[in-house]
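Colleague: The numbers in numbering that gives the first Met the number 0 rise by one with no breaks, and the one at position 53 of the sequence shown is 52. Glycine included, C-beta positions come from ideal geometry on N, C-alpha and C. Below is one structure. I have some questions about it.
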Amino acid sequence: MPVKIRLRRDGAKKRPFYHVVAADSRRARDGRFIEQLGYYNPIVAAEAEPILVLKEERVKYWLSVGAQPTDTAAALLKKKGLMERSKPRVVKNAAPAGGDAAATETAEAPAAEPAAAETAETAEA
Numbered sequence: 000m001p002v003k004i005r006l007r008r009d010g011a012k013k014r015p016f017y018h019v020v021a022a023d024s025r026r027a028r029d030g031r032f033i034e035q036l037g038y039y040n041p042i043v044a045a046e047a048e049p050i051l052v053l054k055e056e057r058v059k060y061w062l063s064v065g066a067q068p069t070d071t072a073a074a075l076l077k078k079k080g081l082m083e084r085s086k087p088r089v090v091k092n093a094a095p096a097g098g099d100a101a102a103t104e105t106a107e108a109p110a111a112e113p114a115a116a117e118t119a120e121t122a123e124a
């Protein structure tokens with residue numbers, strides 16, 4: 000059972016409130032979950048920061064057994080210092096979107112023009 004640490008949305012329309020939960024990744028976003036790990040309230044007074052409360056020991060436990068946080072949950076965990084900051088992912092040996100054929104054609108085209116000019120000169124002589 001693949002477990003995700005993610006946000007479950009509660010609150011009224013245009014007034015979000017989120018519970019941070021450990022849930023089976025195959026379940027609906029607001030569906031059944033395994034354990035509630037905390038909450039996040041992004042809507043607070045203008046001069047205060049958003050409220051984030053987590054059960055740190057339980058979050059560390061779920062990360063240690065292989066639970067994968069979603070992008071948003073990972074950002075919140077990093078903000079609390081529960082996850083190390085990761086480097087951006089670099090894909091090695093990736094071909095460009097257009098493929099190598101287009102790049103090869105443009106590279107060969109200038110080389111073909113001088114050869115054609117040489118054959119034209121020898122034909123005139």
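1. Which two residues bound the contiguous beta strand (DSSP E) that contains residue 21?
2. In whole angstroms, what separates the C-alpha of residue 31 from that of residue 92?
3. CA-CA distance, residue 61 and residue 12?
4. To which residues of the same chain is residue 21 closer than 7 Å at the C-beta, ignoring the five residues directly before and after it?
5. Measure the alpha-carbon distance for residue 56 versus residue 72 and round it to whole angstroms.
6. Given a threshold of 16 other Cβ atoms within 10 Å of its Cβ, counted over all protein chains shown, does residue 19 qualify as buried or as exposed?
7. Along the chain, which unbroken stretches of the beta strand (DSSP E) at least 3 residues long are found entirely within the region 35 to 80?
8. Judging by CA-CA distance, which residue of 23, 54, 39 is the nearest neighbour of residue 14?
Modeller: Walking through what the data contain:
1. 14 to 23
2. 40 Å
3. 31 Å
4. 2, 4, 32, 33, 34, 36, 61, 66
5. 16 Å
6. buried
7. 50 to 53
8. Nearest to residue 14 by alpha-carbon distance, out of 23, 54, 39, is 39.
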